[in-house]
Structures are given as C-alpha cells and as structure tokens.
Amino acid sequence: MPGDNNKMRDLLQMRKRFSTFFMLVLVLFIIVISGSGVYVYGETQVSISASYNLVFIGDWINLKIIVKTTEEVGKINVKIPKDKKYEILRELPTEKRQQSDYMMFEKNITAAFFNVGDFEIGPFTVELINNEKVIETKQTNSIPVKVKSVLTEDDKDIKPLKSLIDIKGNPFYILKYVMAGLFIILVVVLLIIRLKQRKKRVPPAPEPLLSPLEEFEERIRELWEKKLFVKGKMKLHFIELTRILKHFLFRNYQFNAEDFTTYETLDHLKRGEQEVLILDNMKFVMNTADLVKFAKFIPDSPVLAEVFNKIKDMIGSYKLRIPGNENLQEKNQ
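The sequence shown begins at -12 in this note's numbering and counts up by one.
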C-alpha cells in the first residue's frame, strides 16, 4: 500500500537520524572523559603546576607534581634539575592515594628566585618504581615564571624632596672665605701634629688579636645575648648575623664575601672548604637569612633554634681542627 510505504520510509529516516545523533553524543562523551583524567589501563600521566607565575624576588613558589597511573607502582622519584636560576627551599614527602581506578602520587616542592627576569621551571624527570626497579620514566612540562623587582617603575629615578634654591649673583665671591677656612684648618692640624710629637708618649701595647674562630664565636654569643628577635627586630638580627658570617669567611678563607651574593659566597666557600657539614650548615643559615631580609619570612622558635644549633655545630667542627683538640669529639661523646 502507498500509505504503508510512506510510513516505513519515515520510520527508517527517523532511525537513521537517531543513530547519527547517538554517535555524536558518544564521541562527545569520550572527548569529555578523556579531558577529565580518566585513563585507559596502563596509561601514565604526569603534570606540574605552580602557585604563581608572576612573583617578586624571594617570593615562595609552591610547585605541585601529580602522577596518575594504572600501573602497579610502589613509589616515585622526582629528579630536580640543577638549575642555578632558582633555589629549592623545601621538599615535602610524596603523598600516595588510591583512587577508584588509578593510583595518584603528589609531590610538593617550594622554590624561590633571587634574580629578576623571565625564567622557566622544569621539566622534571619522574621515575615510577616498583619493587626497587624503575618500570617507567616520564617528564613534566615546563612552567614560565616572571620575576619582578620589589622596586616599581616610579622608584627608579630618585627625585629631590624640595625644589632647588635659586641663588642669584656670582657664587665665586665666597671663594676667598673658603680659602681662608682651609688655611685655618691646615694650621690647626699642623699644631696638633706638633704637640703630639713633643709629648713622646709611649704607645700602649696592642691588645692580642683574636683568631677568626674566636672572634666569630664571641660575636655570635654577643648577638644572641641582645635577643633582637624577642624585641621584634627579626630582620635586624639576621642582617647582623649575615655580617658576622661574611666577616668570618673573609678572615678564615681570604675572600671578600661582603661583595658577593649568597650563591656566589657559597660557591667561593666550596673552593676552600671540603667538609660537607660546614657547607650544608652555612647554606641553611645564609638562605634563611635571605628569606628574612628579602622575602619577609618570619621564622618561629624551632627555626631560630635550628639556625643557632647549625652555627654551634660549625664552630665545633672548626675547633676540632685546632692542634691538641683531636680527642675533643671523643670526650664529648
């Protein structure tokens, strides 16, 4: 029948349209699922994110490395590249969480830049380990970071607080008064020198100069007795501590640490010092001082105690090198 044929044709067209619509919905669903992080069996994905991409010098940047895998993995190992452009301040233990259909590892790292400019963090290499064997190696992407100076554009040019005074006339008329004043000063200086020569006093015996280590230990003791950190002068405390450390390095290792940054100072120290304890403790103390001075970091009591103990350990290591103190460590034990 013609009517039945038309109904059959319409029914077939409706089925065809429904099949096409169903296929489009299925493809869209697969795309959404893929972008949301649902994995097929055996796939591993590694990503890295940063808390900030625009920071000032010394600001802390929290890095988060996420590893999602359906493989049987016991732990991961994140290899941090030895990049001199930024410093790693802290590494937290890796967190391991079992999800519904995959295993997730999370590694948190804190870094900071101490130079201005455009930089990149990463890529980091991630090793997937099971039964103490590396079963897969992945690499994260890189993160761009822009580091700005604390000074603004308006601070670059220093302007006078008051306008200049307009002095009329010829300023050279005061030249004769200047010459007369210089002549009087010269006569006074010559008289003083003459009087000192006539007195012929016996110069006092010079006080014995302390050794670099004795002076360092004495100045550290005096600084801690001031208790500046208790009086709310934490930044001044670490400024004085930095001066004491760099003066000791100048006397003990014969290089002018005052003219160097922390990174340059530690690099020069490695050329003359081989003991790992001294190098690690010096790095911790100077990096903590930089965070207080430049990044507005306020250390709590445990951090202050750790700084003091590391300085004390360095002094003890230096004392062991003094002839006659070879058995000092055995007695203390």
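Think of the CB as a built atom: it goes at the ideal place given N, C-alpha and C, for glycine as much as any other residue.
Given a threshold of 16 other Cβ atoms within 10 Å of its Cβ, counted over all protein chains shown, does residue i qualify as buried or as exposed?
i: Lys268; result: With the sequence shown as reference, residue 268 is identified as Asn, and Lys is not the correct amino acid for it. Buried, by the Cβ-count rule.
i: Ala167; result: exposed
i: Lys214; result: exposed
i: Ala292; result: exposed
i: Leu115; result: buried
i: Thr248; result: exposed
i: Lys133; result: exposed
i: Tyr305; result: buried
Which class does residue i belong to by DSSP, given the choice of helix, strand or coil?
i: Lys297; result: helix
i: Val33; result: strand
i: Tyr305; result: helix
i: Lys270; result: helix
i: Val27; result: With a pLDDT of 40 at Val27, under the threshold of 50, the modelled position of that residue is not reliable, and no figure is offered here.
i: Lys280; result: helix
i: Tyr73; result: strand
i: Leu50; result: strand
i: Thr56; result: strand
i: Pro131; result: strand
i: Ile285; result: coil
In chain order, what residues of the same chain have a beta carbon less than 7 Å from the beta carbon of residue i, not counting five sequence neighbours either side?
i: Ser38; result: Ile48 and Asn49
i: Phe225; result: Ala276, Val279 and Lys280
i: Thr207; result: The identity of residue 207 in the sequence shown is Ile, whereas the question assumes Thr. Cβ within range, chain order: Ile231 and Ile298.
Using 8 Å for Cβ pairs, my map puts residue i next to residue j. What's the rounded Cβ distance?
i: Asp88; j: Thr57; result: 7 Å
i: Ile231; j: Phe203; result: 7 Å
i: Glu209; j: Asn117; result: Actually they are not in contact, since the Cβ atoms of Glu209 and Asn117 sit about 56 Å apart, beyond 8 Å.
i: Val103; j: Ile44; result: 6 Å
Just to confirm my understanding: we take residue i, look at its own chain, exclude 5 residues before and 5 after, and list those with CB closer than 6 Å. What are they?
i: Asn239; result: Pro199
i: Gln32; result: Lys55
i: Thr97; result: Trp47, Asn49, Leu76 and Arg77
i: Ile321; result: Because the chain is modelled from -12 through 320, residue 321 falls outside the range shown and cannot be assessed.
Only counting the same chain, and skipping five residues up and downstream in sequence, which positions put a Cβ closer than 8 Å to that of residue i?
i: Ile130; result: Ile35, Ser36, Ala37, Asn40, Leu50, Glu107, Ile108 and Gly109
Return yes when at least one heavy atom of the ligand FAD lies under 6 Å from the C-beta of residue i, else no.
i: Lys297; result: This structure lacks the ligand FAD; in fact it carries no ligand of any kind.
Check: What runs of the alpha helix (DSSP H), each 4 residues or longer, lie entirely inside the region 190 to 258?
Finding: 199 to 213 and 221 to 240
Item checked: Continuous beta strand (DSSP E) assignments of at least 3 residues falling wholly in the region 84 to 127 -> 90 to 100, 104 to 108, 112 to 117 and 120 to 126
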